[in-house]
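These protein sequence lines are chains C and E, in that order.
If you read the first sequence in numbering that gives the first Met the number 0, its first letter stands for residue 0, the second for the next number, and so on.
If you read the second sequence in numbering that gives the first Met the number 0, its first letter stands for residue 0, the second for the next number, and so on.
Built from N, CA and C at the ideal position, the CB exists for glycine as well.
One structure is given here, and the rest of the page talks about it.
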Amino acid sequence: MSAARTLIKNVYQILVCIIAALFIGAIFLLIQGENPLEIYYYLIINPLTSGLGIIKSLGKATPLIFTGLAVAVSFKCGLFNIGVEGQLLFGGLAAALVGYYGSGLPAVLHVTISILAGMAAGMVYAFIPAILKVKLMVHEVITTIMLNNIATALTAFFIVNYFRNPGQTARTYNVAESAHLLQFAPPEHLNLGFVIAIACVVSLYILLNKTPYGLKLNAIGKNPVAARYSGIHSNQVVIITMLISGALAGLCGSERILGAFGYMQVNFSPGYGFDGITAAVIGKNNPVGACVAAIFIGILQYGGTTINMMTNVPAEFVQVLIAIMFVLVAAQEAIFHALKGLRRKRGKKVSVV
Amino acid sequence: MNVNMEEHCMQNGIEIKNISKDFSGKQALKNISLSIEEGAIHSIVGENGAGKSTLMSILGGVLRPTEGEVFIDGKKLMTGKPQVASLEGIGMVFQHFMLVPTLSVWQNIILGSEPLKKFLKVDKKNAIRKIEDVCKTYEFHVNLEQLVGELPVGQQQKVEILKVLYKDAKYIVLDEPTAVLIPEETKMLFASMRALKAAGKTVIFISHKLQEVLEVSDQISVLKNGELVGTVNASETNSNELVKMMVGHEINMEGMPLKTNKGKELVQAESVFVEKKGFFCGLNDISFCIREGEILGIAGVDGNGQGELLDTLLCLTRPKSGRIIKEGIDVTGCTNAVLRKQGVACIPPDRHHQGVVLDSGIKYNLILGCEEHPEISSGPFINNNKLDKLTEKMCAEYNIKMSNIEEPIRDLSGGNQQKVILARECGVRDTNVIFAVNPTRGLDIGAMEFVYKMLEENKKQGKAILLISTELSEIMRLSDRIAVLYKGQIMDTIDRDKATVKRIGALMAGLSEGV
């Protein structure tokens, strides 16, 4: 199947899952005695019908696009990089430091090196599980989960001990003005990072579908043994993939620090890396799919704050909805298979009659 | 074979009647009727792919036959249900053990049929007493408290046998049990088998090692290409006769290897040594050379080092000692990727697992491992038009039948899948050395002939070809020289002119003296 047709089929399947998830969510709401239509209005329609809603949703989606891509590219290669969270923490720290210590540089240059520093830090941190996998065959799930904890502790250690801005919360000094990302709309909602994210989606799509590297990565993800026997340098591809994944995670950290916060606070991430896994799975590891899923989660997250204010349903309902979607997509093959089986059975019965 | 089948049905024992099995078009078993007497050791022998394992899977309830019935003690067996077969007294011991290494011996034995006390607690005392009874009856000596993972392979096998005995199996099927054992362990296994027989159990012994079969069995049934060649009494036959039954009279002797001019030596292996590991027998002092325009055949029963040899030649595993030399350059330490770029092609033995990416389209499988091929790229990108053109060209050249080039290769027949691999390795790649392992496994006659033709064509072009195959007929048909691999060692290398099926067959069975 060509890349475009796969994409269309994926999008169709994802839409089916989203709608099914909304139906199941509605059952929960009905049990609670709420009107699902009202909730869904605030959750989905409201954010999409106001300019501010759209901007805020996209702003919330931006970090998830980065992490979604980071996870998607590694999953596609059969690598379960759960460590995006840790990689983005280091990316954020590097961006914050370069953003602070590089003050005096011309703005364009300063922003660029700050972002690059974040990417590099993410890559370095992703290189650890990659090299452990290739050289010592340690499974990346274990190393990346462990490295997440190490990253949380280490970044906190650095900030508290060396780069702390004296004050109440443990955070770094403010990033210089020249390193701030261009803001598009009312402060701190949407910044240049979103454009960079979309650019990443496009380049990753091209990389995966139109280059030799992408084909190799795909082959390794689908059948690593055949890839090895056919002469693909698997180890090399695995390392490059982990580096790309780490760079995207680092970008997420940089975008948050340079675009949204302006400094790095200890544990600033509410779990962007893990939401990225959700986005990648719902998006079926396709860059475009992951981006769409990330934006959808962004809408829900913004909508969640609204239902919290306007109705009796807590914002956590959004998490429930996303979880249902995740399960549906993960079990999708089985579900569609069962549906096909049902249809076939019915068809057979008809033909017998 | 069994003229009075109706009478047999009423007796004790296993009666297999007119069993056929189709695997999506390929007949694995053709109308097999066989009776197995109670209280005997009955061997089933045959080459790889002869249908031994399929037949036993049907008996064990893992597979359902397309046609035919199985009777146990005169009672019809509901096929396709492993639990039913187990209840009827059939116990299967597979070649690859189904044991949990982190549990102790007694825990493994009772797994799945645990005796329980109150509150669902395992009744350990009772279980151990019962296992000890079984051990005493059949003279098995195993430390029940030891972890299975710590046991040597021979002991693990005993645990497997104990497992089926614990479930009161009457008919014990041993699938290639000696494949993983060293000679002493084999002797002990045979002693156990005789003890089982003495206690009235029936043992069904599946093997391709003729000496062992002759040593231990009462009756021997020979399968070939899914058909039963015959059943003989072990006391009335010899290995000569069995070799003849297994491979002898129907060997495709039409055509001899193509005569070509042999050039310089392209590939040399110099006393390659690979260590034994797990189920793999390793390699012991392997040396050979392949010249331009020559096919060197490596005959041997599966599992005698073929996999290790291929992995070593492809630089996927590094040998413990020895060298692989290609065109005068030592390539032993290379990576596979580097080696393949120097013109090495490979047709791997396991098509689905090692050969193709089943879920990818034909065109992506055609360029698997050669994604950087200049013919399909423009700049750093893959040019889809060029790729489609290349695919169409190859499909025409290699006569690959498909509905469209986007089609996942999973949907193609085995023969067409193999043609895609051939097209990739011999057409798309620029190669001068080909390693082909079982290139016609599972193919029909037409596809087989195509593969032969392609290999000979490449040979004519002056490529050096290594043909590792478990099909003796294939080796005889194509090779200029034949080396026989047995337990990781080359028993002998014979020129095709001097080779006879008997001699090779004997070497394959590990008999170094002529038969």
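Have a look at the DSSP bridge pairing and note the partners of residue i.
{"i": "leucine 227(E)", "result": "Leu222(E)"}
{"i": "alanine 435(E)", "result": "Ile346(E), Leu466(E)"}
{"i": "glutamine 264(C)", "result": "Arg170(C)"}
{"i": "cysteine 288(E)", "result": "Gln267(E)"}
{"i": "leucine 104(C)", "result": "Ser102(C)"}
{"i": "serine 515(E)", "result": "An answer regarding residue 515(E) cannot be provided, because it is not within the stretch 0 to 514 covered by chain E."}
{"i": "alanine 298(E)", "result": "Val483(E)"}
{"i": "phenylalanine 272(E)", "result": "Ser320(E)"}
{"i": "serine 19(E)", "result": "Glu66(E)"}
{"i": "asparagine 232(E)", "result": "Gln218(E)"}
{"i": "threonine 201(E)", "result": "Tyr170(E)"}
If you compare alpha carbons, which of the options is closest to residue i?
{"i": "valine 427(E)", "options": "Glu406(E), Met393(E), Ala435(E), Asp410(E)", "result": "Met393(E)"}
{"i": "leucine 454(E)", "options": "Leu477(E), Leu365(E), Gly445(E)", "result": "Leu477(E)"}
{"i": "valine 69(E)", "options": "Gly199(E), Ile35(E), Leu442(E)", "result": "Ile35(E)"}
{"i": "leucine 313(E)", "options": "Gly88(E), Leu506(E), Gln267(E)", "result": "Gln267(E)"}
{"i": "proline 128(C)", "options": "Gly85(C), Ile30(C), Arg255(C), Asn284(C)", "result": "Gly85(C)"}
{"i": "aspartate 329(E)", "options": "Glu269(E), Met475(E), Leu241(E), Val61(E)", "result": "Glu269(E)"}
{"i": "isoleucine 18(C)", "options": "Thr142(C), Val70(C), Leu327(C)", "result": "Leu327(C)"}
{"i": "leucine 28(E)", "options": "Arg63(E), Lys117(E), Thr430(E)", "result": "Arg63(E)"}
{"i": "methionine 245(E)", "options": "Leu510(E), Val500(E), Arg480(E), Gly509(E)", "result": "Val500(E)"}
{"i": "valine 236(C)", "options": "Arg423(E), Gln155(E), Lys243(E), Ala336(E)", "result": "Ala336(E)"}
{"i": "leucine 442(E)", "options": "Gly461(E), Gly321(E), Ala422(E), Lys418(E)", "result": "Lys418(E)"}
{"i": "aspartate 496(E)", "options": "Tyr485(E), Gln488(E), Met475(E), Val152(E)", "result": "Met475(E)"}
{"i": "cysteine 280(E)", "options": "Ser19(E), Gln460(E), Pro379(E), Ile489(E)", "result": "Ile489(E)"}
{"i": "glutamine 416(E)", "options": "Val450(E), Asp429(E), Ile433(E), Val432(E)", "result": "Val450(E)"}
{"i": "glycine 12(E)", "options": "Phe96(E), Glu37(E), Gly342(E), Asn239(E)", "result": "Glu37(E)"}
{"i": "isoleucine 467(E)", "options": "Ile289(E), Ile130(E), Glu211(E), Lys51(E)", "result": "Ile289(E)"}
{"i": "alanine 123(C)", "options": "Ala246(C), His188(C), Ala293(C), Ala330(C)", "result": "The question names alanine, but residue 123(C) in the sequence shown is valine. Taking only the C-alpha atoms, the option nearest valine 123(C) is Ala246(C)."}
{"i": "cysteine 425(E)", "options": "Arg480(E), Leu357(E), Ile346(E)", "result": "Ile346(E)"}
{"i": "alanine 194(E)", "options": "Val215(E), Thr177(E), Gln210(E)", "result": "Val215(E)"}
Can you name the residues of chain E whose CB is closer than 7 Å to the CB of residue i?
{"i": "valine 224(C)", "result": "His352, Gln353"}
{"i": "histidine 232(C)", "result": "Thr334, Ala336"}
{"i": "serine 229(C)", "result": "Leu367, Gly368"}
Using the beta-carbon of each residue, which ones in chain E are nearer than 9 Å to residue i?
{"i": "histidine 336(C)", "result": "Ordered by position in chain E, no residue passes the 9 Å Cβ test against histidine 336(C), which lies about 15 Å from the chain."}
{"i": "asparagine 217(C)", "result": "Val356, Ser359, Tyr363"}
{"i": "leucine 214(C)", "result": "Ser359, Tyr363, Ile366, Leu367, Glu370, Ile381"}
Identify whether residue i lies in helix, strand or coil by the three-state DSSP scheme.
{"i": "glutamine 86(C)", "result": "helix"}
{"i": "alanine 446(E)", "result": "helix"}
{"i": "arginine 428(E)", "result": "coil"}
{"i": "tyrosine 515(E)", "result": "Given that chain E is displayed from residue 0 to residue 514, the structure contains no residue 515(E) and the question cannot be resolved."}
{"i": "alanine 314(C)", "result": "coil"}
{"i": "aspartate 496(E)", "result": "helix"}
{"i": "aspartate 217(E)", "result": "coil"}
{"i": "methionine 490(E)", "result": "strand"}
{"i": "phenylalanine 279(E)", "result": "strand"}
{"i": "isoleucine 219(C)", "result": "helix"}
{"i": "methionine 0(E)", "result": "For methionine 0(E), the pLDDT reaches just 42, beneath the cut-off of 50, and the residue's location in the model is therefore unreliable, although a value from the coordinates is still provided. DSSP places methionine 0(E) in coil when its eight states are reduced to three."}
{"i": "histidine 41(E)", "result": "strand"}
{"i": "asparagine 164(C)", "result": "coil"}
{"i": "lysine 208(E)", "result": "coil"}
{"i": "glycine 360(E)", "result": "strand"}
{"i": "lysine 55(C)", "result": "helix"}
{"i": "valine 319(C)", "result": "helix"}
{"i": "lysine 123(E)", "result": "helix"}
{"i": "phenylalanine 380(E)", "result": "strand"}
{"i": "lysine 325(E)", "result": "strand"}
{"i": "asparagine 34(C)", "result": "coil"}
What does residue i reach in chain C if we use C-beta pairs closer than 7 Å?
{"i": "phenylalanine 449(E)", "result": "Neighbours of phenylalanine 449(E) on chain C: none; closest Cβ ~21 Å, over 7 Å."}
{"i": "arginine 339(E)", "result": "Gly230"}
{"i": "glutamate 371(E)", "result": "Pro211"}
{"i": "cysteine 345(E)", "result": "Tyr228"}
Taking Cβ-Cβ distances shorter than 9 Å, what residues in chain C pair up with residue i?
{"i": "phenylalanine 380(E)", "result": "Ile205, Lys209, Thr210, Pro211"}
{"i": "leucine 213(E)", "result": "In chain order: nothing, as chain C lies at least about 38 Å away."}
Taking C-beta pairs closer than 8 Å, name the residues in chain C that residue i reaches, listed in chain order.
{"i": "leucine 315(E)", "result": "Arg227, Tyr228"}
Starting from residue i, find everything on chain E with Cβ-Cβ shorter than 8 Å and list it in chain order.
{"i": "lysine 221(C)", "result": "Val356, Leu357, Asp358, Ser359"}
Every unbroken alpha helix (DSSP H) within the segment 51-95 of chain E, with a cutoff of 4 residues, ordered by chain: 51-58, 81-86
Complete runs of the alpha helix (DSSP H) confined to the segment 174-212 of chain C [at least 4 residues]: 191-209
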